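A short worksheet on the structure shown next.
Chains as they are written, first to last, in the working numbering: chain A, 1 to 237; chain B, 238 to 341.
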């Protein structure tokens, strides 16, 4: 049996490069929070409970506009809808797990834990709960710390474009995607998802491009899937 | 100062509702969508496609709204990903963009 400690440490180690890219994003969200009229405790509480940067950004953009609570809640749901798909994808790779461990893992689920976790699940080492938690806990602590620093001190950036902050998050997601290029049909899933998302982004608007592009990519993957090599009993599952 | 004074009541409600909504998202996939056993190979393939299918869409806004500098930055990132570690690719591409923006 693999030592749970060494798995946890392996998770910690793999998280390190991501700290650098998460930190500036967290600081921007923290600054945005206090700038939209919230107090430091509100911003901190939001980060502790959400741990989902895109939806936190959306909430701070909508909060000062005097909208009803449910309008903002629906916006948060829409932006975080991708987590439904992430959860379906990673949950079964973490099984079998006791319920409490599964709940802890899913509470900490976000883009990096999904991407790195799915890659580990495909590797010979496999995905263990301890590896996943080592990775995810570092990201959680990094997120809280960076948001708190941003909310406490503010980010004194006069021109975010000049230092490339507007492109950091997209580039970072593109690189996460590139990590899956060896997967079956990766290129065609990538192109389908990009095309459908672009059309929805232009004609329908954000955040619907995320769900539409994501589902389109998944449908293509389903259509192109090959039946299992050795059928087990019934033919159409 | 009491705890209640620290938080604006509307904002506190909003944070709690938002947190519940987010947690429901995180749990629904595994506890509702992925419940069907044994899992069909097409559903399995679509779940395996989630990282590529979903994360790709997060890049789209800057592709649509950006100009040639942004497109070049993304292209360079993709090429760097083929040959270098994650951090080098991300900061190499963004660093080069910053450099180019200061020139153009």
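We treat Cβ as the ideally placed atom computed from N, Cα and C, and that holds for glycine. None of the values given here were measured: they were computed from a predicted structure.
>> Give the list of continuous alpha helix (DSSP H) stretches no shorter than 4 residues that lie fully inside the stretch 123–201 of chain A.
In response: 129–153, 165–178
>> Restricting to Cα atoms, I'd like to know which of B/297, B/305, B/278 is closest to residue 196 of chain A.
In response: Residue numbering aside, residue 196 of chain A sits at position 196 when the first chain is read from its first letter. Among B/297, B/305, B/278, the Cα nearest to that of residue 196 of chain A belongs to B/297.
>> Less than 8 Å between C-beta atoms, sequence neighbours within five positions excluded: which residues of the same chain meet that for residue 3 of chain A?
In response: Looking up residue 3 of chain A in the first chain gives position 3. Scanning its chain for C-beta atoms nearer than 8 Å, with the 5 sequence neighbours on each side dropped, one finds no residue around residue 3 of chain A.
> How would you write the range of the alpha helix (DSSP H) that residue 227 of chain A sits in, first residue to last?
Replying inline: Stepping through the first chain from its first residue, residue 227 of chain A is reached at position 227. Segment: none, residue 227 of chain A is in no alpha helix (DSSP H) and carries neither H nor E.
> Would you say the stretch 210–227 of chain A touches the stretch 13–20 of chain A, given that touching needs at least three Cβ pairs under 8 Å?
Replying inline: No: the two stretches stay apart, fewer than three of their Cβ pairs being nearer than 8 Å.
>> Would you say residue 44 of chain A lies against chain B (beta-carbon separation less than 8 Å)?
In response: Within the first chain, residue 44 of chain A is the residue found at index 44, counting from 1. With 8 Å as the cut-off, residue 44 of chain A does not count as an interface residue toward chain B.
> Which residue spans inside the stretch 252–295 of chain B form an unbroken alpha helix (DSSP H) run of at least 4?
Replying inline: Here the runs fully enclosed are 278–285, 287–294.
> So what does DSSP say about residue 81 of chain A, is it helix, strand or coil?
Replying inline: Locating residue 81 of chain A in the first chain gives position 81, counting from the first residue. Looking at residue 81 of chain A - three-state DSSP - the assignment turns out to be coil, as it is neither helix nor strand.
> For residue 97 of chain A, which residues of its own chain have a beta-carbon under 8 Å away from its beta-carbon, when the five flanking residues on both sides are left out?
Replying inline: Stepping through the first chain from its first residue, residue 97 of chain A is reached at position 97. Taken in chain order, the residues that qualify are 105, 129.
> Do we get a CB-CB distance below 8 Å when we pair residue 320 of chain B with the residues of chain A?
Replying inline: For this step, residue 320 of chain B is matched to residue 83 along the second chain. Cβ-Cβ to chain A under 8 Å: no for residue 320 of chain B.
>> Closer than 8 Å is the cut-off here; do at least three beta carbon pairs connect the stretch 42–52 of chain A with the stretch 161–178 of chain A?
In response: Contact between the stretch 42–52 of chain A and the stretch 161–178 of chain A is absent: fewer than 3 CB-CB pairs across the two stretches fall below 8 Å.
> Whose C-alpha, out of A/101, A/126, A/74, A/209, is nearest the C-alpha of residue 261 of chain B?
Replying inline: Position 24 of the second chain, counted from the start, is the residue given in the question as residue 261 of chain B. Ranking A/101, A/126, A/74, A/209 by Cα distance to residue 261 of chain B puts A/74 first.
> Where does the unbroken alpha helix (DSSP H) through residue 323 of chain B begin, and where does it stop?
Replying inline: Here residue 323 of chain B corresponds to residue number 86 of the second chain, with the count starting at 1. Run containing residue 323 of chain B: 323–340, per the alpha helix (DSSP H) assignment.
> In chain B, which residues lie with their C-beta within 7 Å of the C-beta of residue 82 of chain A?
Replying inline: One-based indexing of the first chain puts residue 82 of chain A at position 82. Ordered by position in chain B, the residues that pass the 7 Å Cβ test against residue 82 of chain A are 291.
>> Check this for me: beta carbons of residue 286 of chain B and residue 310 of chain B, under 8 Å apart or not?
In response: Here residue 286 of chain B refers to the residue found at position 49 of the second chain. Here residue 310 of chain B refers to the residue found at position 73 of the second chain. Between residue 286 of chain B and residue 310 of chain B, the CB-CB gap reaches or exceeds 8 Å.
> By a C-beta neighbour count over all protein chains shown, 10 Å radius and 16 as the cutoff for buried, is residue 274 of chain B buried or exposed?
Replying inline: Translated into positions along the second chain, residue 274 of chain B becomes position 37. When all chains shown are included, residue 274 of chain B counts as exposed.
>> Within 8 Å of any Cβ in chain B, is that where the Cβ of residue 132 of chain A sits?
In response: Counted from its first residue, the first chain places residue 132 of chain A at position 132. False, the Cβ-Cβ gap to chain B never drops below 8 Å.
> Is the number of C-beta pairs between the stretch 87–95 of chain A and the stretch 247–266 of chain B that are closer than 8 Å three or more?
Replying inline: yes
> Do we get a CB-CB distance below 8 Å when we pair residue 128 of chain A with the residues of chain B?
Replying inline: Your numbering for residue 128 of chain A matches position 128 in the first chain. No, residue 128 of chain A lies away from the interface with chain B (no Cβ there is under 8 Å from its Cβ).
> residue 23 of chain A and residue 146 of chain A look like a contact to me (Cβ under 8 Å); what is the Cβ gap, rounded to whole Å?
Replying inline: Taking the first chain and counting its residues from 1, the one referred to as residue 23 of chain A is at position 23. Taking the first chain and counting its residues from 1, the one referred to as residue 146 of chain A is at position 146. Contact flag correct, Cβ pair sits at about 5 Å.
> If the cut is a Cβ gap below 9 Å, which residues of chain B does residue 162 of chain A touch?
Replying inline: Here residue 162 of chain A corresponds to residue number 162 of the first chain, with the count starting at 1. Per Cβ cutoff of 9 Å: 335, 338, 339.
> Within this structure, are the beta carbons of residue 109 of chain A and residue 87 of chain A separated by less than 8 Å?
Replying inline: Position 109 of the first chain, counted from the start, is the residue given in the question as residue 109 of chain A. Position 87 of the first chain, counted from the start, is the residue given in the question as residue 87 of chain A. Yes.
> To the nearest whole angstrom, what separates the beta carbons of residue 211 of chain A and residue 189 of chain A, a pair I think is in contact under 8 Å?
Replying inline: Position 211 of the first chain, counted from the first residue, corresponds to residue 211 of chain A. Position 189 of the first chain, counted from the first residue, corresponds to residue 189 of chain A. That pair is no contact at about 15 Å.
> Given 8 Å as the limit, is there contact between the stretch 23–37 of chain A and the stretch 59–69 of chain A, that is, 3 or more CB pairs closer than that?
Replying inline: yes
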